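In full-length UniProt numbering, the protein residues as written are 1 to 395.
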């Protein structure tokens, strides 16, 4: 069900952060609205008040099956992540979010890499796990909503759709637990009562996969816990599913997703296109942006060459002024330094080769030295060199 918008785009809500009853009565907050990436609908986040549970605790997960227990080995958890898309994956491939060093291509690589996954963020993971117990208890203390640990779930209808919530809530919902700082964009959003988009996508995905359509986040911003509720949005959840399903087809067919120029790196492009498949083949420029890039790069290289020459000329003048002294000063203040540097240490390759010849009892002829050198030489993987062809070079 879509969230209705009131005429002003805002609605009054009560603050959940109940330090005291008096504080709760005094403080009022504003409900915030955030646009989802497709800008077709809006999702409401709100602070919630302390509740009294009057119904039987509901920890059912109607849409998914448990495939990994909460107390499973960490490596098993890493391995399970490769068989489908979890909340943080969906935030990147379908939600438009970009964690540092991630984009759809890096997610695709992590799902298709035959090597076992390696945890590079073990310290961060450990701190997150240790803080989850404390913050889940704080959530229950502030809301009277009990929680329980859970594991990894797989949607019954789509086995690639995974969810690994931090907690299930007794009222049939999901609780996500985050830690951040007020110096970060995420921290500033939480302090303003707004769930960051990547976190909202993650929570909404878990709600979609599990069929538990209540969602909460408790975020520890430095030492201030903030609890917000995300209302389930059918249209946004469906759009995430459709984009994620399209992405998973790239994984199943081992086909890299399309290049995203905004996030692609030189390393990614080298991984995608490691070798020329058809030598002497060519691609005609049809895109005006590509044609413009040729002009931009030509101009930049010209500027670089000019700057290099100007730099060399300036250094010559300064070195000539310093002479055999060490510093150049202006009004008594050091502005340049031409100091002594230890001589370069060089490995004597010829001496080593001759020593090997002597040890083997052979004459150190040029052919013998070349043969030994070849014996200890390894060939690296071939790479590609990018060159801008100027009119002068093409002539």
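From the three backbone atoms N, C-alpha and C, an ideal C-beta is built for every residue, glycine too. A quick note: this is a predicted structure, and the numbers were derived from the prediction, not measured.
Output the distance between the C-alpha atoms of residue i and residue j, rounded to the nearest integer angstrom.
i	j	result
residue 34	residue 115	Confidence at residue 34 is low in this model, with a pLDDT of 37, below 50, so the placement of that residue should be treated as unreliable; the coordinate-derived value is given next. Cα to Cα, residue 34 sits roughly 39 Å from residue 115.
residue 173	residue 214	4 Å
residue 287	residue 157	41 Å
residue 280	residue 274	16 Å
residue 146	residue 384	58 Å
residue 331	residue 321	15 Å
residue 103	residue 248	14 Å
residue 272	residue 242	25 Å
residue 355	residue 349	10 Å
residue 302	residue 390	11 Å
residue 298	residue 319	32 Å
residue 344	residue 326	20 Å
residue 258	residue 361	59 Å
residue 282	residue 276	10 Å
residue 244	residue 238	10 Å
residue 421	residue 193	The chain is shown from 1 up to 395; residue 421 falls before or after that span and cannot be answered.
residue 342	residue 377	30 Å
residue 261	residue 306	29 Å
residue 73	residue 234	34 Å
residue 284	residue 256	23 Å
residue 160	residue 226	32 Å
residue 93	residue 388	33 Å
residue 188	residue 206	24 Å
residue 289	residue 198	30 Å
residue 338	residue 351	34 Å
residue 144	residue 263	43 Å
residue 63	residue 151	15 Å
residue 136	residue 230	17 Å
residue 328	residue 363	55 Å
residue 105	residue 91	13 Å
residue 232	residue 216	10 Å
residue 296	residue 270	21 Å
Can you tell me whether residue i is helix, strand or coil according to DSSP?
i	result
residue 289	helix
residue 272	helix
residue 333	strand
residue 221	strand
residue 226	strand
residue 386	coil
residue 362	coil
residue 310	helix
residue 245	helix
residue 68	strand
residue 267	helix
residue 371	helix
residue 328	strand
residue 295	helix
residue 280	coil
residue 260	coil
residue 216	strand
residue 231	strand
Within 10 Å of its beta-carbon, does residue i have 16 or more other beta-carbons around it, so buried, or fewer, so exposed?
i	result
residue 310	exposed
residue 99	exposed
residue 381	exposed
residue 107	buried
residue 340	exposed
residue 224	exposed
residue 252	exposed
residue 323	exposed
residue 240	buried
residue 294	exposed
residue 210	buried
residue 164	buried
residue 375	exposed
residue 386	exposed
residue 366	exposed
residue 267	exposed
residue 196	buried
residue 422	In the structure as shown, the chain begins at 1 and stops at 395. Residue 422 is therefore absent and cannot be evaluated.
residue 66	exposed
residue 71	exposed
residue 246	exposed
residue 154	buried
residue 208	buried
Between residue i and the ligand FMN, is the CB less than 8 Å from at least one heavy atom?
i	result
residue 296	The model depicted lacks the ligand FMN and carries no ligand whatsoever.
Which whole runs of the alpha helix (DSSP H) in the UniProt domain "YqaJ viral recombinase" (76-213) are 4 residues long or more, in chain order? 87-93, 104-112, 122-143, 185-191, 197-210
Is the region 200-214 in contact with the region 86-96, if contact means three or more CB pairs nearer than 8 Å? yes
Please confirm if the region 178-188 is in contact with the region 215-234, defined as three or more CB-CB distances below 8 Å between the two stretches. yes
Counting Cβ pairs closer than 8 Å, one from the region 134-149 and one from the region 182-194, do we hit at least three? no
Taking contact to mean at least 3 C-beta pairs separated by less than 8 Å, is the region 162-171 in contact with the region 58-66? yes
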